[in-house]
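Q:
Chains as they are written, first to last, in the working numbering: chain A, 1 to 695; chain B, 696 to 1216.
Below is the structure:
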């Protein structure tokens, strides 16, 4: 041990994706941290990708924000300010705007990277201290379609209803729109172990990705046609008599209508719609029909569509028809994206929800939560607008005049970003809490410097529904505070009727009480249990004293689904296709996604020197490159009805020739994307729109 | 066009004659537009002459082949129609239409009034002029089967599955007609173990869709699958063994030079106009159909090959009567395929709901639905060539493939793919979307796809090539290590997703352990 390492390593989790790899963090030198493997944590067993290994590099970086700043009205520049000055200013302007325009004049925008405690406090802060209904978060742009589908069909939304490692024990795993080998690399080890056991991997993606390299069967549909593929697969399964009729009769409702609805999706029709040859579809169906255990996993590729919910439901129907959900090592799951994508959607930062996955328009839910909060149920506002609709309504849009942003870089991550940026610029007050000067923070009137993962404690809920503990390993730099401090400080200045704690463990206990009896019941979980058990799976209700504690729920649906009658719902899905189809002016499909070395809007990862930042690129097939005269490495312009960007071409034969791919970690991709929304999840159609590509 | 609704008027009445796939889609589209539920919507009556709920007719050959359960054909249950307020009457045969009184009469005398009428009467199979096909009482000879409806299909399946103590009663079949349906049926019968032959009057198979060389390749493919093909030959007479022999018809087997199999004497003999004489147990008629236009003719609508409609899918004679699907003639063309019928159904639903839409023809993609027979026909190649289209083709009779694109103004306007369907999905996308392609693209589309990435190229990787994306490790750094373990511990390569382990082993020259990564298919 080198003598600069003064403290022993603390077990915590990676700051990035929903895999939440266990890692150890120790202080190194005066400001640095050292990351090491935490081999005992079961999800990643010590493995990490380079984002995790290098995650400590922002410590001590000049990029870190360490003092609040306020935009000077005279110069238009940001200037340093004290915390008191900054919070006073925000509170004064919030009060004035609400006095003139009503409570809903102030909106809150959260993120799927916030700890459960922060997400919970943020929802409570909006409803009680601000009294606004206008709160939503960037999780709408993540897995909301899978969430909506899970609630409709299974009665509950937990990304994976089983531990991730169950993948190793299944027979066939179907990955629909997931590139987990790049987006959460250590998860790919489970695929490899499955294959070593003789299991099969199916990957469905418009691009032949590193995940597809592991596939026994790879299908490459036209972007936006995954639903048609699902309907066609179910058609053939039924035609061949591969339906688990006993399961369908005993554990589900609605199959007859679904069965008839897929009678019109014969393979040649599917081929014409999806571009997937009938032979390949038949291979998929043969794999599914011949397997005892099938796992269907969706990710953003299937979900980020105007028909995202329908697409997920279409694939869930396959899992249900095969009798898989609730069976050991089988079923349907969603591979959530953001670090706390799961927990972030359970505790009330969503416009229509209260803690414990309770719905805000349910009187019983309001009464329960109001009681925990110590307020009257009538004082709680109702449902607000979804993320994109909220942003679209800001300022000039006729909606809220102030926006408080926590853990989100909207300018880079919102669809139709140029338009959204204009809306942000038209606000009377924009407050951004962040660890670095993100593109969104750069537009703000007030920027507040926030702690990063190693500097704070709190719980996260990973993609498996496992509640885990982020432990503080080092003190934050001077001048930096937690989101919890911001919330409490503003609540106090706004004369909130209740106090807001800044102690994570205390908040977690309250969160548990608020969630008790809800679908995502955390009331039996404590920090101590999480530490001892390396995470606890919700639901985990508290039990009366003296009784054995609830063990948590690693595997769901073994006996019943979370619907009122305990049965899963088959729901008929009609394929409509992408909202924007290619035409003579915009003849190419554009799809977007992530690369291994970057995370989400890149606010953190683009500032880490050890991670390659080559900037955005436009991936295209040689046939398309030849058609438009593009050359590898040379710039091309991608244009849609909403904006354009320029980036070097990356010419690869692994993408569909009618499709281009642009990663969204940089400003640009989302200037192009379509703001058409899914009717139930309000997910924008990030994954497909019509584009023109030229040199 | 329907008149607009006034509040004091009763709801408008829509009567649809025919309950096939086009009608099913029309009703679905109307239901999706809420047209059955709103006050200014439609009261809908559907009259189907078949006694069963609407089913997916185009999958009948898959049922025959045994790859599709007959129960999985039903498109919508009668309950669904009822739930959506649609009056579905099965087994309801229409006798005539009275355009002056705007009503239709059923054979049982029932009168049903309409404000708008849709004729979706489909097509009826053509009976080829073969003597002996129809018996004195007007019924088909018992060995003869049409193949159009579910009951036809059930009858044929029954005949195939009939056994006595000698085994299957029917061991041989002749399919009359070498079009798409004929090929599907023949393939299905062959797959069911029947000794099957096809008789096609044209010069080659699928002569309406493909050219001679493609047709020859197809015939060879079929032969490999055990189905013999007689082209350029018409069946002229069907004869039972117990009938008095016609002179010159007795030489059973003498001309069957193409048939390597020993033959049982058949129940019937089919004489061709080239003198061939085919023994068989079953005769299946698939020699095309023609638009069913009797009702339209009967009420004085203009009918040429089909019921002539305008861009509103309305009869050019009477705007209160629309037509849909196989019975329609639009712009001089009839189609006979489901996708265009469904396009028409979507547009007609819009028209009935006063949307500003019109029908301007359909792009046709015909795909053979039969195991191990690969045929895709996009558009009308001959017509497009005549219109100035240029042909790009790759033909390989030795391997049995023929691939042809017709390109006009950079767009694929027609295509024929026989024996090799690689890139069929992409070619169809380009055809359907009329993508303007580059000069090399049509040719490249017909070239073989590059088979994955190069296998063990690790040894030639330059030192700066990234080997482990998870940890960001170059080939050079791996080469600097002395063992796999050292590479793992010092560079963290292989510790993320684990996908680079085989490459790292190759670079280090160590023996590969478990194969953990293979390329996708």
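Backbone N, C-alpha and C define an ideal beta-carbon position, used for all residues, glycine too.
Of all the CB atoms in chain B, is at least one closer than 8 Å to the CB of residue 412 of chain A?
A: Stepping through the first chain from its first residue, residue 412 of chain A is reached at position 412. Cβ-Cβ to chain B under 8 Å: no for residue 412 of chain A.
Q: Just mark residue 840 of chain B as buried or exposed, buried being the case when its beta carbon has 16 or more other beta carbons within 10 Å.
A: Here the question's residue 840 of chain B lines up with position 145 in the second chain. Residue 840 of chain B should be labelled buried.
Q: Since residue 1051 of chain B and residue 1075 of chain B are thought to touch, with beta carbons under 8 Å apart, how far apart are those beta carbons, to the nearest angstrom?
A: For the purposes of this step, residue 1051 of chain B is taken as residue 356 along the second chain, with counting starting at 1. For the purposes of this step, residue 1075 of chain B is taken as residue 380 along the second chain, with counting starting at 1. The pair is not a contact, with the Cβ atoms about 29 Å apart (cut-off 8 Å).
Q: Are the C-beta atoms of residue 753 of chain B and some chain A residue less than 8 Å apart?
A: Taking the first residue of the second chain as position 1, residue 753 of chain B is located at position 58. Under the 8 Å criterion on CB atoms, residue 753 of chain B is classed as interfacial with respect to chain A.
Q: What are the boundary residues of the alpha helix (DSSP H) that residue 604 of chain A is part of?
A: Position 604 of the first chain, counted from the first residue, corresponds to residue 604 of chain A. Looking at the DSSP string, residue 604 of chain A is not in any alpha helix (DSSP H), and its letter there is neither H nor E.
Q: Would you grab the beta carbon distance between residue 226 of chain A and residue 493 of chain A for me? Rounded to a whole angstrom, and I think it's under 8 Å.
A: Along the first chain, one-based indexing puts residue 226 of chain A at 226. Along the first chain, one-based indexing puts residue 493 of chain A at 493. Contact annotation, residue 226 of chain A with residue 493 of chain A: C-beta distance approximately 48 Å; criterion of less than 8 Å not satisfied.
Q: What does the alpha-carbon distance come out to for the pair residue 864 of chain B and residue 1048 of chain B?
A: Taking the first residue of the second chain as 1, we reach residue 864 of chain B at position 169. Taking the first residue of the second chain as 1, we reach residue 1048 of chain B at position 353. Distance between the alpha carbons of residue 864 of chain B and residue 1048 of chain B is about 54 Å.
Q: For chain A, is any of its Cβ atoms less than 8 Å away from the one on residue 1131 of chain B?
A: Taking the first residue of the second chain as position 1, residue 1131 of chain B is located at position 436. Yes, its Cβ sits closer than 8 Å to a Cβ of chain A.
Q: Does the contact criterion of 3 or more C-beta pairs under 8 Å hold for the segment 572–588 of chain A versus the segment 540–560 of chain A?
A: no
Q: DSSP three-state call for residue 1148 of chain B: helix, strand or coil?
A: Within the second chain, the letter at position 453 stands for residue 1148 of chain B. Annotation note: pLDDT 47 at residue 1148 of chain B (below 50); position unreliable, no value reported.
Q: Can you tell which of A:316, A:517 and A:510 has the C-alpha that lies nearest to the C-alpha of residue 526 of chain A?
A: Residue 526 of chain A sits at position 526 when you count from the first residue of the first chain. For residue 526 of chain A, the nearest C-alpha among the options comes from A:510.
Q: Just list the residues that DSSP pairs residue 998 of chain B with in beta bridges.
A: The residue you call residue 998 of chain B lines up with position 303 of the second chain. According to DSSP, residue 998 of chain B bridges with B:1002.
Q: Roughly how many angstroms separate the alpha carbons of residue 564 of chain A and residue 552 of chain A, rounded to a whole number?
A: Residue numbering aside, residue 564 of chain A sits at position 564 when the first chain is read from its first letter. Residue numbering aside, residue 552 of chain A sits at position 552 when the first chain is read from its first letter. Each residue's alpha carbon lies about 21 Å from the other.
Q: Looking at chain A, which residues of the segment 900–912 of chain B have a Cβ within less than 7 Å of any of its Cβ atoms?
A: none
Q: Are any of the Cβ atoms in chain B nearer than 8 Å to that of residue 18 of chain A?
A: For the purposes of this step, residue 18 of chain A is taken as residue 18 along the first chain, with counting starting at 1. No, its Cβ sits nowhere closer than 8 Å to a Cβ of chain B.
Q: List the endpoints of the continuous alpha helix (DSSP H) containing residue 1186 of chain B.
A: If you number the second chain from 1, residue 1186 of chain B lands on position 491. Residues 1179–1186.
Q: Figure out for me which residue from A:618, A:673 and A:332 has the closest Cα to the Cα of residue 647 of chain A.
A: Indexing the first chain from 1 puts residue 647 of chain A at position 647. It is A:618.
Q: Using 10 angstroms around the beta-carbon of residue 880 of chain B, count the other beta-carbons present and answer buried if the total reaches 16, otherwise exposed.
A: Counted from its first residue, the second chain places residue 880 of chain B at position 185. By the neighbour-count rule (16 or more Cβ atoms within 10 Å), residue 880 of chain B is buried.
Q: Measure the beta-carbon distance from residue 313 of chain A to residue 571 of chain A and round it to whole angstroms, keeping in mind my assumption that it falls under 8 Å.
A: As a working mapping, residue 313 of chain A is identified with position 313 in the first chain. As a working mapping, residue 571 of chain A is identified with position 571 in the first chain. Their Cβ separation, rounded to whole angstroms, is 5 Å, which keeps residue 313 of chain A and residue 571 of chain A in contact under 8 Å.
Q: For chain A, check one thing: does any of its Cβ atoms lie closer than 8 Å to the Cβ of residue 1150 of chain B?
A: Position 455 of the second chain, counted from the first residue, corresponds to residue 1150 of chain B. Note on residue 1150 of chain B: pLDDT 46, under 50, position unreliable in the model; no value is reported.
Q: List the residues of chain A that residue 1123 of chain B touches, going by C-beta distances under 8 Å, in chain order.
A: By 1-based counting over the second chain, the position of residue 1123 of chain B is 428. The contacting residues are 271, 272 and 275.
Q: Contact criterion: CB-CB distance below 8 Å. Does residue 1194 of chain B meet it with respect to chain A?
A: Here residue 1194 of chain B is taken as the residue at index 499 of the second chain, counted from 1. It does: the Cβ of residue 1194 of chain B has a partner Cβ on chain A nearer than 8 Å.
Q: Going along the segment 199–219 of chain A in order, which residues come within less than 8 Å of chain B, judged by CB to CB distance?
A: 203, 208, 210, 212, 213, 214, 215, 216, 217 and 218
Q: Let me know the secondary structure DSSP gives residue 36 of chain A once reduced to three states.
A: Walking along the first chain from the start, residue 36 of chain A turns up at place 36. Reduced to three states, the DSSP call for residue 36 of chain A is strand.
Q: Identify each residue in the segment 44–67 of chain A for which the Cβ-Cβ distance to at least one residue of chain B is less than 7 Å, and report them in chain order.
A: 47, 48, 49, 50 and 53
Q: Between residue 1162 of chain B and chain A, is there a C-beta pair that is closer than 8 Å?
A: Position 467 of the second chain holds residue 1162 of chain B. With 8 Å as the cut-off, residue 1162 of chain B does not count as an interface residue toward chain A.
Q: Given a threshold of 16 other Cβ atoms within 10 Å of its Cβ, counted over all protein chains shown, does residue 831 of chain B qualify as buried or as exposed?
A: Looking up residue 831 of chain B in the second chain gives position 136. Under this definition residue 831 of chain B is an exposed residue.
Q: How big is the Cα-Cα spacing for residue 575 of chain A and residue 228 of chain A?
A: For the purposes of this step, residue 575 of chain A is taken as residue 575 along the first chain, with counting starting at 1. For the purposes of this step, residue 228 of chain A is taken as residue 228 along the first chain, with counting starting at 1. When only Cα atoms are considered, residue 575 of chain A and residue 228 of chain A end up about 6 Å apart.
Q: Could I get the ranges of all uninterrupted beta strand (DSSP E) runs contained in the segment 360–406 of chain A, with 3 residues as the minimum, in chain order?
A: 402–406
Q: Between which two residues does the beta strand (DSSP E) carrying residue 204 of chain A extend?
A: Within the first chain, numbered from 1, the residue matching residue 204 of chain A stands at position 204. Element bounds for residue 204 of chain A: 200–204.
Q: Please go through the same chain and pick out, in chain order, the residues whose beta-carbon is closer than 6 Å to the beta-carbon of residue 458 of chain A, but skip the five residues on each side of it.
A: Translated into positions along the first chain, residue 458 of chain A becomes position 458. Closer than 6 Å at Cβ, skipping near neighbours: 115, 117, 470 and 504.
Q: Leaving out five residues before and five after residue 720 of chain B in sequence, what residues of the same chain have Cβ atoms less than 8 Å from its Cβ?
A: The count along the second chain starts at 1 and reaches residue 720 of chain B at position 25. Cβ neighbours of residue 720 of chain B beyond the five flanking positions: 1036, 1037, 1040 and 1041.
Q: So which residues on chain B does residue 337 of chain A lean against when the C-beta distance must stay under 7 Å?
A: Indexing the first chain from 1 puts residue 337 of chain A at position 337. Taking a Cβ-Cβ cut-off of 7 Å, residue 337 of chain A has no neighbours in chain B, whose nearest Cβ is about 17 Å from it.
Q: Between the Cα of residue 1068 of chain B and the Cα atoms of B:964, B:1129, B:1082 and B:912, which residue gives the shortest distance?
A: Here residue 1068 of chain B refers to the residue found at position 373 when the second chain is read from its first residue. Measuring from the Cα of residue 1068 of chain B, the nearest candidate turns out to be B:912.
Q: From residue 140 of chain A to residue 1115 of chain B, what distance separates their C-alpha atoms?
A: Against the first chain, residue 140 of chain A aligns to sequence position 140. Against the second chain, residue 1115 of chain B aligns to sequence position 420. Approximately 44 Å between the Cα atoms of the pair.
Q: Take residue 434 of chain A as the anchor and find which of A:351, A:603, A:224 and A:303 has the nearest alpha-carbon.
A: Locating residue 434 of chain A in the first chain gives position 434, where the first residue counts as 1. Residue 434 of chain A has its Cα closest to that of A:603, out of A:351, A:603, A:224 and A:303.
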